[in-house]
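Colleague:
2 protein chains.
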Amino acid sequence: MIDGITRPTLLLDLAKVNSNIEFMLEKAKLTNTMLVPHFKTHQSKEIGEIFREKGIDAAAVSSVEMAEYFVKHGWKDITVAFPFNRLEIQVINSFLTNGVKVKLLATDLDTITFLNQELVETLDIFIEIDAGYGRSGVHAKNTPLVKEMVTAIEQSDKMNLYGLYCHCGDTYHANDTREIEKIWENAMKELAQIKAQIEPTNRPLKIRMGDTPGCSMVQHMEPIDEIGPGNFVFYDLVMNYLNVCKEEDIAVAVACPVIAKYPERNEVLIHGGAVHFSKDHLFDATGQKFFGEMVVFEDNQWSSIIEGAKLTSISQEHGILTVTNELMQVLKIGDVIGILPIHSCLTANLMKSYQTTQGDEIAHMSLGVK
Amino acid sequence: MIDGITRPTLLLDLAKVNSNIEFMLEKAKLTNTMLVPHFKTHQSKEIGEIFREKGIDAAAVSSVEMAEYFVKHGWKDITVAFPFNRLEIQVINSFLTNGVKVKLLATDLDTITFLNQELVETLDIFIEIDAGYGRSGVHAKNTPLVKEMVTAIEQSDKMNLYGLYCHCGDTYHANDTREIEKIWENAMKELAQIKAQIEPTNRPLKIRMGDTPGCSMVQHMEPIDEIGPGNFVFYDLVMNYLNVCKEEDIAVAVACPVIAKYPERNEVLIHGGAVHFSKDHLFDATGQKFFGEMVVFEDNQWSSIIEGAKLTSISQEHGILTVTNELMQVLKIGDVIGILPIHSCLTANLMKSYQTTQGDEIAHMSLGVK
Chain E
1 MIDGITRPTL
11 LLDLAKVNSN
21 IEFMLEKAKL
31 TNTMLVPHFK
41 THQSKEIGEI
51 FREKGIDAAA
61 VSSVEMAEYF
71 VKHGWKDITV
81 AFPFNRLEIQ
91 VINSFLTNGV
101 KVKLLATDLD
111 TITFLNQELV
121 ETLDIFIEID
131 AGYGRSGVHA
141 KNTPLVKEMV
151 TAIEQSDKMN
161 LYGLYCHCGD
171 TYHANDTREI
181 EKIWENAMKE
191 LAQIKAQIEP
201 TNRPLKIRMG
211 DTPGCSMVQH
221 MEPIDEIGPG
231 NFVFYDLVMN
241 YLNVCKEEDI
251 AVAVACPVIA
261 KYPERNEVLI
271 HGGAVHFSKD
281 HLFDATGQKF
291 FGEMVVFEDN
301 QWSSIIEGAK
311 LTSISQEHGI
321 LTVTNELMQV
331 LKIGDVIGIL
341 PIHSCLTANL
351 MKSYQTTQGD
361 EIAHMSLGVK
Chain U
1 MIDGITRPTL
11 LLDLAKVNSN
21 IEFMLEKAKL
31 TNTMLVPHFK
41 THQSKEIGEI
51 FREKGIDAAA
61 VSSVEMAEYF
71 VKHGWKDITV
81 AFPFNRLEIQ
91 VINSFLTNGV
101 KVKLLATDLD
111 TITFLNQELV
121 ETLDIFIEID
131 AGYGRSGVHA
141 KNTPLVKEMV
151 TAIEQSDKMN
161 LYGLYCHCGD
171 TYHANDTREI
181 EKIWENAMKE
191 LAQIKAQIEP
201 TNRPLKIRMG
211 DTPGCSMVQH
221 MEPIDEIGPG
231 NFVFYDLVMN
241 YLNVCKEEDI
251 AVAVACPVIA
261 KYPERNEVLI
271 HGGAVHFSKD
281 HLFDATGQKF
291 FGEMVVFEDN
301 QWSSIIEGAK
311 LTSISQEHGI
321 LTVTNELMQV
331 LKIGDVIGIL
341 PIHSCLTANL
351 MKSYQTTQGD
361 EIAHMSLGVK
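So the protein sequences, as listed, match chains E and U.
First residue of the first sequence? That's 1 in full-length UniProt numbering, and the numbers climb one at a time after it.
First residue of the second sequence? That's 1 in full-length UniProt numbering, and the numbers climb one at a time after it.
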């Protein structure tokens with residue numbers, strides 16, 4: 001698997017990808033929801049195909065550029081899960097005239113007015129609700145604004161009100177599973193209340209919730225119709241530290257050459273830095289900041305996390321692994337070790353392509369939409 | 001300049017690039033050193049050409065992949081300013097057989113032995129010295145190891161000992177100019193001492209020092225022969241907060257659409273997040289973490305930093321600008337504002353291409369070596 005690897009290379013275990021997708025499909029079944037996966041984590045046409053083979057034909061993306069990529073690769077039902085950017089109206093209209101079903105997120109009245117004037121065909125609208133995360137969306141308590149938006153959408157023949165969209169990103173910062181559940185319980189209550197006040201009599205509205213921690217951990221999702229997680233396809237150390245996934249669920253690892261050893265400071269230099277992992281980090285039990293954990297390769301897989309080794313410092317291309325005396329003796333210059341990423345979405349975005357554990361090359365859209 | 005911009009776009013002010021390069025050329029002249037610029041910040045063949053037009057024909061890069069890119073674009077004298085990775089020996093040999101002068105950094109004896117066995121032609125070697133930064137290189141006090149390496153290099157007909165290389169990356173974390181100078185004074189003393197002990201009688205060794213803060217601020221560089229800064233070509237907010245550059249020297253800004261306004265929390269949502277800026281950050285005087293500062297565009301340039309606006313939170317594509325009441329009134333959904341990056345190297349690496357303030361497209365190697 002690592003034969004021939006001479007540079008930082010993003011390895012992908014498709015068996016884990018498959019099992020992570022199966023887990024989430026099962027979760028959707030158990031909770032009577034529909035899985036509309038977010039593709040921002042993998043950004044890959046091939047991984048999109050894996051979802052399609054499992055019966056998924058609607059997905060979400062985080063930018064119009066990403067929508068262009070997946071439309072080019074045959075996706076016909078795409079939610080741009082980012083508040084609509086009116087400067088992108090021409091691309092949205094071109095999707096519509098080409099038969100792509102685009103769902104947009106609106107978060108203010110003015111955008112509804114703009115869309116009513118500028119859309120060339122009818123599309124579905126989510127009103128994005130902020131249930132406490134505080135990033136984007138209409139605040140859940142601002143029912144008057146939601147009602148005004150509903151009225152404006154209903155009066156337009158360019159928009160159908162599809163439902164309410166909510167991303168509880170605060171679950172990523174929860175301390176434990178119970179806190180994730182509480183964040184969701186609160187959000188579900190808020191969304192159900194809003195829905196009850198605005199739902200037209202002739203057509204049910206959908207509620208979609210998005211984050212991977214919640215979708216992975218919450219068991220009861222009564223008011224929810226659709227789940228839209230993204231990170232679960234790979235998971236990562238953030239999810240593992242939050243007990244949202246097991247470490248063996250993490251489907252990506254960066255293969256990094258060992259460059260130099262510094263026994264006097266228990267450090268090993270690897271080729272693997274901020275242009276490979278991003279600067280996202282976690283803190284261990286002693287308060288030490290770290291940027292990844294080490295695995296080793298054998299046959300066509302990687303090991304569980306090696307205790308006593310953490311990526312404690314990174315600059316543009318340099319990574320410093322702090323290791324025990326035992327590992328210092330075992331690791332050799334010229335070895336290729338693996339680093340499990342803190343945040344798989346940003347790592348994949350930086351690495352720009354995948355090599356499967358079977359040796360196949362897989363695309364990431366970062367090398368261009370075309 | 002921003003007409004037609006609908007998505008996050010990395011704008012480049014070539015007049016500032018030119019003036020930053022002229023400043024560093026003048027600095028080299030005043031300090032009797034040679035500028036061998038590091039290209040890891042811009043990673044652009046066109047910006048390489050600007051250096052070439054000013055008489056520069058040797059450069060440094062931070063990876064062999066980056067060396068491949070610049071070799072492809074006509075560079076014949078390249079330092080791979082990262083401890084040599086033996087897994088890349090074939091690429092290095094192909095450079096040599098194609099007439100490219102490659103300089104490598106060695107940091108241990110075993111690598112010297114490896115190079116002696118594997119190199120197909122002779123090349124120049126720097127011994128990298130760690131003068132206190134603690135990232136890579138032979139520790140400055142480890143004279144016995146340096147001497148052993150010198151002996152091994154001198155005994156090989158595949159390597160010429162070119163000199164000592166030192167990157168004082170700790171200057172990036174200095175509190176003021178005096179601290180930058182002190183870091184350099186210490187490093188220069190260490191390097192001069194080592195050089196005195198190892199210099200052959202028949203040929204002078206070169207000392208190259210690398211970091212932008214030091215190269216920008218230090219006035220007396222007696223033992224130094226070559227300076228190899230990279231970041232100075234663009235500078236950024238880290239350099240500005242360290243008083244290493246003026247804010248008007250910062251040559252890149254990310255143009256970002258304004259997506260939504262949240263007056264109740266004094267926040268504005270922009271399209272511009274961790275996939276555009278990286279997660280590097282600074283802290284303002286009140287201890288508030290931030291990921292960029294705002295400028296506005298007029299004619300073919302951007303303004304000075306707008307007080308009362310900071311990019312206080314980012315996720316993958318979302319950026320949250322915290323703004324004053326006055327700015328909340330002035331900013332409109334659909335505007336395009338500029339964000340000066342915290343760390344221009346990582347921002348350019350993520351953005352993958354430049355648009356000059358004159359409207360021209362400029363390449364970044366991230367879209368592939370070919």
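Cβ atoms here follow ideal geometry from the backbone N, Cα and C, with glycine treated the same way.
Given the structure is predicted, the values throughout are model-derived calculations rather than measurements.
(1) Here's the rule: buried if 16 or more other CB atoms are within 10 angstroms of the residue's CB, otherwise exposed. What is E:T79?
(2) Given this structure, state the Cα-to-Cα distance separating U:N142 from E:G287, to the nearest angstrom.
(3) Under 9 Å between beta-carbons, which chain E residues line up against U:A253? List them in chain order, please.
(4) Between the beta-carbon of E:K40 and the beta-carbon of E:G230, is there less than 8 Å?
(5) Which value, in whole angstroms, describes the spacing of the CA atoms of U:G4 and E:Y69?
(6) Taking only runs of the alpha helix (DSSP H) that begin and end inside the stretch 40–114 of chain E, which ones reach a length of at least 4 residues, in chain order?
(7) Any idea if E:E88 is buried or exposed, counting beta-carbon neighbours within 10 angstroms, 16 or more meaning buried?
(8) Is the shortest distance between the beta-carbon of U:K279 and the beta-carbons of chain E less than 8 Å?
(9) What does the alpha-carbon distance come out to for the pair U:A174 and E:H276?
(10) Hey, out of E:M294, E:V258, E:V36, E:V100, whose CA is closest to E:K72's CA?
(11) Name the chain E residues that come within less than 9 Å of residue 371 of chain U, Cβ to Cβ?
(12) Our contact map puts E:M149 next to E:I194 with C-beta atoms below 8 Å; I'd like the distance itself, whole angstroms only.
(13) Tell me which residues of the stretch 15–46 of chain E have at least one Cβ-Cβ distance to chain A shorter than 8 Å, keeping chain order.
(14) Quick one: list the residues of chain E neighbouring U:L346, beta-carbon separation under 8 Å, in chain order.
(15) Name the chain E residues whose beta carbon is nearer than 8 Å to that of U:F82?
(16) Of all the CB atoms in chain E, is at least one closer than 8 Å to the CB of U:D3?
(17) Near U:D249, which residues of its chain fall below 7 Å by C-beta distance, leaving aside the five closest residues on each side in sequence?
(18) Taking only beta-carbon atoms, is residue 414 of chain U less than 8 Å away from chain E?
(19) Please report whether the beta-carbon of E:L367 lies at a distance below 8 Å from any beta-carbon of chain U.
(20) Any beta-carbon of chain U closer than 8 Å to the one on E:G334?
(21) At a Cβ cut of 7 Å, what residues of the stretch 166–190 of chain U count as close to chain E, listed as they run along the chain?
(22) Quick check on DSSP: helix, strand or coil for U:P263?
(23) Give me the residue from U:A187, U:V244, U:K158 with the minimum Cα distance to U:T212.
(24) What beta strand (DSSP E) runs, 3 residues minimum, are completely inside the stretch 150–233 of chain U?
(25) Inspect the CB distances between the stretch 306–319 of chain U and the stretch 259–279 of chain U and report whether three or more fall short of 8 Å.
(26) Could you tell me whether the Cβ of E:A196 comes closer than 8 Å to any Cβ of chain U?
(27) How far does the beta strand (DSSP E) with E:I320 in it extend, from its first residue to its last?
(28) List the residues of chain U whose Cβ lies closer than 9 Å to the Cβ of E:E264, in chain order.
(29) E:S304 versus chain U: which residues are under 7 Å apart at the beta carbon?
(30) Taking the alpha-carbon of U:T322 as reference, which of U:V258, U:E53, U:T356, U:V146 has the nearest alpha-carbon?
(31) By the three-class DSSP mapping on this structure, what secondary structure does U:T347 have?
(32) I think E:G292 touches E:I339, with their Cβ atoms under 8 Å apart; what is that distance to the nearest whole Å?
(33) Among U:A58, U:P83, U:P204, U:V330, whose alpha-carbon lies nearest the alpha-carbon of U:W75?
(34) For a minimum of 3 consecutive residues, which ranges assigned as the beta strand (DSSP E) are wholly contained in the stretch 254–311 of chain E?
(35) Going by DSSP, what residues sit across from E:F126 in a beta bridge?
(36) Note down the Cα distance separating U:N325 from U:P263, rounded to an integer number of angstroms.
Modeller: From the atom records:
(1) Residue environment for E:T79: buried (at least 16 other C-beta atoms within 10 angstroms of its C-beta).
(2) 31 Å
(3) Under the 9 Å cutoff, chain E gives no residues; its nearest Cβ is about 17 Å from U:A253.
(4) yes
(5) 20 Å
(6) 45–53, 64–72, 89–97
(7) buried
(8) Closer than 8 Å: yes.
(9) 26 Å
(10) Per the Cα distances, E:V100.
(11) Residue 371 of chain U is absent from the structure shown; chain U starts at 1 and stops at 370.
(12) Contact check for E:M149 and E:I194: beta-carbon distance about 11 Å, past the 8 Å limit, so the pair fails to qualify.
(13) Looking for chain A here will not work: the only protein chains present are E and U.
(14) A274, V275, K279, Q316
(15) I259, H271, E317, H318
(16) no
(17) Excluding the 5 residues flanking it on each side, U:D249 has same chain C-beta neighbours closer than 7 Å at K16, N20, Y235, in chain order.
(18) Lying outside 1 to 370, the shown extent of chain U, residue 414 of chain U is not represented and no answer is given.
(19) yes
(20) yes
(21) G169
(22) helix
(23) Residue U:V244 is the option with its Cα nearest to U:T212.
(24) 159–166, 206–209
(25) yes
(26) Taking 8 Å as the threshold, the shortest C-beta distance from E:A196 to chain U does not fall below it.
(27) For E:I320, the enclosing beta strand (DSSP E) starts and ends at 318–323.
(28) Against chain U, the beta carbon of E:E264 has neighbours under 9 Å at H139, N142, listed in chain order.
(29) Correct list: empty, because the minimum Cβ distance to chain U is about 25 Å.
(30) U:V258
(31) Looking at U:T347 - three-state DSSP - the assignment turns out to be helix.
(32) E:G292 to E:I339, Cβ: 4 Å. Contact.
(33) U:A58
(34) Segments of the beta strand (DSSP E) lying fully in the stretch 254–311 of chain E: 267–271, 292–295.
(35) E:L105, E:G163
(36) 8 Å
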